[in-house]
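Residue numbers for the sequence shown follow this note's numbering, beginning at 24 and rising by one.
Just so it is clear, CB atoms sit at the ideal spot from N, CA and C, and this is done for glycine as well.
The next block holds one structure in the form of structure tokens; read it before the comments.
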Amino acid sequence: MKKMLPNLFTLGNLLSGFAAILLISQEQFEISVLLIVVGLVCDFLDGYCARILHATSEFGKELDSLADLITFGVAPAIFAYVVSLHEIHVVGTVCCLFYVCCSALRLARFNVRQSHMTVFVGMPTPVAAVLSILLTIYVYPLVAMVGIVLIGILMVSPFYFPSLKKVKSEAMEDC
């Protein structure tokens, strides 16, 4: 029963991402961004609940990555394309496809090699999603294109990024 709560948050993340995609297709961009933010909150809460309830599982880890791919990989790529990158046609499409592939590779690598680590190797997909949306909204399509490709590269890079897992674990021990 206690394993259900984290998975419910994970499904909330997944559904938020899917709803964001539907709203992007209807050009309701502000609400779609809000839904991606809701996905971020659900993604934080699923991991937090799983750790605090001692309800982590391989199933939950895999489900989380599937949800993250939709909310932080596919939805931001579609957002970028519809809002901006469609103006540069085929190149914009290729950039979005590249971003989605990098998201999938990053999430798969995390599940296989890094889920136990207290740092991230490669930019986490939620951070990448936020940056790609901000780039899409605030800069010209060619600059957004370059930025989205760089974000994709950073997701699969060997660079270390901080994780809140250690901070959360230390805070829980202090309670």
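Three-way DSSP call (helix, strand, coil) for residue i in this model
i, result
"Val-162", "coil"
"Phe-32", "helix"
"Pro-185", "strand"
"Val-142", "strand"
"Ser-48", "helix"
"Ala-42", "helix"
Of the listed residues the options, nearest to residue i (C-alpha basis)
i, options, result
"Gly-96", "Lys-25, Leu-154, Val-162, Pro-29", "Leu-154"
"Leu-165", "Cys-124, Ser-55, Tyr-104", "Tyr-104"
"Asn-30", "Phe-41, Asp-69, Glu-53, Arg-132", "Asp-69"
"Ser-126", "Val-135, Glu-53, Leu-92", "Leu-92"
"Leu-63", "Thr-148, Ile-176, Cys-119", "Thr-148"
"Arg-129", "Glu-85, Tyr-161, Leu-108, Glu-110", "Glu-85"
Per-residue burial, residue i [other beta carbons within 10 Å of its own, 16 or more giving buried]
i, result
"Val-199", "This structure cannot speak to residue 199, because the chain is shown only from 24 to 198."
"Ser-55", "buried"
"Thr-141", "exposed"
Contact under 8 Å by Cβ, residue i with residue j
i, j, result
"Ser-180", "Gly-145", "yes"
"Leu-34", "Leu-46", "no"
"Ala-73", "Gly-83", "yes"
"Met-168", "Val-123", "no"
"Lys-134", "Ser-80", "Just to set this straight, residue 134 is Asn in the shown sequence, not Lys. No, the pair does not count as a contact, with Cβ atoms beyond the cut-off."
(request) Identify every run of the alpha helix (DSSP H) within the stretch 86-124, keeping only runs that are complete inside it and at least 4 residues long; order them along the chain. (result) 98-106
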